[in-house]
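Novice:
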Amino acid sequence: MQFITKNKEYIVLFVLLIVPFLLWVSTPTAISHFASVYSFLAGLGEISGILGTVLFAFTLILSARVRILEKLFNGLNNLYEQHSKLGQIAFMLLLAHPLFLLGRYAVTSTDIYRFFLITTNWQRDLGIIALYLSIVIIILTLYLRPKYHIWKQIHAFLGLALFLGAVHIYFTPSYVMNHNIFLTVYVLSISAIGVFVWLYRSVLGKTFTREYEYIVEDILYLNSSIVEIEMTPVGDAMKYTPGQFVFVSFSDKNISGEKHPFSITSHNTEGTLKIAVKVLGDYTDTIHQHLSSGARVCVEGPFGSFSYTAEKKKKQIWIAGGIGVTPFVSMAKNILFTPDFDVVMYYAVRNKKEAVFLNLFEQIAAKTKSFKIIPYYSDELGYLTTEIILKDVSDAPERDIFICAPPVMIHALKDSFVKDGVPHIQLFSEEFNL
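Under my numbering, the sequence shown has 384 at position 127, and the numbering climbs by one with no breaks.
1. Excluding sequence positions up to five away, which residues of its chain have a Cβ less than 6 Å from the Cβ of Lys676?
2. Taking the alpha carbon of Thr595 as the point to measure from, which residue in Lys624, Ile576 and Val582 has its own alpha carbon closest?
3. Whole angstroms are fine: how far does the CA of Tyr540 sit from the CA of Phe560?
4. Please identify the residue among Glu644, Ile447, Thr543 and Arg458 whose C-alpha is closest to the C-alpha of Asp509.
5. Taking Cβ positions, are Ile592 and Ser627 nearer each other than 8 Å?
6. When burial is assigned at 16 or more other CB atoms within 10 Å of the CB, is Gln546 buried or exposed?
7. Which runs of the alpha helix (DSSP H) at least 4 residues long sit entirely within the segment 636-660? Give them in chain order.
8. Under DSSP, the alpha helix (DSSP H) around Gln380 begins and ends at which residues?
9. Pull up the DSSP beta-bridge partners for Ser506, would you.
10. What do you get for Phe428, buried or exposed, if any count of 16 or more other CB atoms within 10 angstroms of its CB means buried?
11. Examine the Cβ distances between the segment 341-351 and the segment 308-319 and report whether three or more of them are shorter than 8 Å.
12. In this structure, what does DSSP give as the bridge partners for Tyr337?
13. In the DSSP assignment, the beta strand (DSSP E) including Ile489 goes from what residue to what residue?
14. May I ask you to report which of helix, strand or coil DSSP gives Pro355?
15. Please tell me whether Thr522 and Glu485 are closer than 8 Å, where the distance is taken between their beta carbons.
16. With DSSP run on the structure shown, which of helix, strand or coil describes Val454?
17. Kindly indicate which residue of Thr642, His436, Thr643 and Val586 has the alpha-carbon position closest to the one of Asp563.
18. Given Ala287, which residues of its chain have a CB within under 6 Å of its CB, disregarding the five upstream and five downstream residues?
19. Quick one: grab the DSSP three-state call for Val613.
20. Is the separation between the beta-carbon of Leu383 and that of Val424 shorter than 8 Å?
21. Between the Cα of Pro664 and those of Phe685, Val650, Lys648 and Val679, spot the shortest distance and give me the residue it belongs to.
22. Do Val444 and Ile307 count as a contact pair if the criterion is CB distance below 8 Å?
23. For Asp597 and Lys590, what's the separation of their Cα atoms in angstroms?
24. Flag this pair as yes or no: are the beta carbons of Val422 and Leu456 separated by less than 8 Å?
25. What separation, rounded to the nearest whole angstrom, lies between the Cα atoms of Tyr478 and Asn616?
26. Around the Cβ of Tyr497, are there at least 16 other Cβ atoms within 10 angstroms (buried) or fewer (exposed)?
27. Determine the burial state of Asp657: buried for a count of at least 16 other Cβ atoms within 10 Å of its Cβ, exposed for fewer.
28. Can you tell me the Cα-Cα spacing of Lys570 and Ala494, whole angstroms?
29. Please report the distance separating the alpha-carbon of Ala321 from that of Tyr604.
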């Protein structure tokens, strides 16, 4: 049961892909897929196109920020990470589709160069256009790394590529697709859902997405690179769980209007919503320099399942690295309302100047025996290791361990904890790489 709970997203993916594969294999054909080189290459081209389309559609479905999928993938950060990986796999399958067919035609025709050209065969041309569009988008987003707002606009065209690909599948003659209504319905249904999600998120998002309106009340500069922004609600206030995050856009003439994710640092009882922002690029630098009180804020959320209250074990270890401390701020504030927990927190930064929330953590620790804070300065002590933690906390292998830090630190600590005997199911992480 634990295996299913821990790997439920992979089980869903397996079922998603094995169904069309089995339907394809079970379709009776006049000539076996393995009867000759020609039929074998044709079969590989067909199944790679089918599986690539299904996976491509599913990656667009993942981008919709649907609650049930967020829960399935153990948080939005992990969901987006899988979205990126699955998108690349889908692209490779779709690229393999014409290449296998090209191999088939390479041994039957001397007019190969026309294969990738736009011709008068509109059904085939739609597939070629969809493939070219996907190639351009993948190159731009994965390798040229444009600025966020440009990347977001480019990314939106993936839905158009899927739509063209689905039309190509429906109208292109195919013995298997024409003789297996269940396979046709399955592939086109998944594609239709993917296109709908694309329209919902990219075109109609403003109309159907629940958003909350806030006004910037105060801006607290914690140090030279981190600010905490306090916002008061206009109308209904958003309810959230400690450790969650939101997507925020500011209505300020000096700041672009795209949405970015930030962890919540307030508690529901405070009556205001707070987020912490560190200068990590052009957008956050603009916020740091130009955001002013009174600016209107659009908030979408909350998102994330990274919360100590969601797990069964009352004894826990929290590890914060740098700005990864932000989800632990609201969690630490909430610990005063859950005295039955026993939490040891490591706050790893380079030096004391970077430990912007240390005073808050120390105040909370002074009020309850449920919480202990251990600042860790890497300039003096080197990198934080599991050896240090296991030495400090004797029962660490029996505790749930929460980590929010740069990805390199998270992966290193999780791998080391597993080697030290901590079960993988007791490790929870949040990577701030959306």
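Glycine included, each C-beta is placed from N, C-alpha and C at the ideal position.
Specialist: Checking against the coordinates, here is how it stands:
1. Taken in chain order, the list of residues that qualify is empty.
2. Ranking Lys624, Ile576 and Val582 by Cα distance to Thr595 puts Lys624 first.
3. The straight-line gap from Cα to Cα measures roughly 21 Å.
4. Taking only the C-alpha atoms, the option nearest Asp509 is Thr543.
5. Going by C-beta atoms, Ile592 is nearer than 8 Å to Ser627.
6. Gln546 counts as exposed, since fewer than 16 other beta carbons sit within 10 angstroms of its beta carbon.
7. Counting whole runs of 4 or more residues, the segment 636-660 contains the alpha helix (DSSP H) stretches 643-649.
8. Run containing Gln380: Trp379 to Ile396, per the alpha helix (DSSP H) assignment.
9. Ser506 pairs with Cys555.
10. Around the CB of Phe428, fewer than 16 other CB atoms lie within 10 Å, so the residue is classed as exposed.
11. Yes, since at least three Cβ pairs between the segment 341-351 and the segment 308-319 fall closer than 8 Å, the two stretches touch.
12. According to DSSP, Tyr337 bridges with nothing at all.
13. Note that residue 489 is Thr in the sequence shown, not Ile. First-last of the beta strand (DSSP E) with Thr489: Ile483 to Pro490.
14. Residue state, collapsed to three classes: helix.
15. When the beta-carbon positions are compared, Thr522 and Glu485 come within less than 8 Å of each other.
16. Helix at Val454.
17. Reading off the sequence shown, one finds Phe at residue 563, where the question assumed Asp. The option with the nearest alpha carbon to Phe563 is Val586.
18. Because the pLDDT at Ala287 is just 49, under 50, the model does not fix this residue reliably, and the point stays unresolved.
19. Of the three classes helix, strand and coil, the one that applies to Val613 here is coil, per DSSP.
20. Their beta carbons are under 8 Å apart, which means Leu383 touches Val424 by this criterion.
21. When C-alpha distances from Pro664 are compared across Phe685, Val650, Lys648 and Val679, the shortest belongs to Phe685.
22. The answer is yes: Cβ separation under 8 Å.
23. Near 14 Å, if we compare the C-alpha coordinates of Lys590 and Asp597.
24. According to the sequence shown, residue 422 is Gly rather than Val. Note that the C-beta distance between Gly422 and Leu456 is not below 8 Å.
25. When rounded, the distance between both Cα atoms is 15 Å.
26. Classification for Tyr497: buried.
27. So Asp657 ends up on the buried side.
28. Lys570 and Ala494 have their C-alpha atoms spaced approximately 31 Å apart.
29. Spanning the two alpha carbons is a distance of roughly 33 Å.
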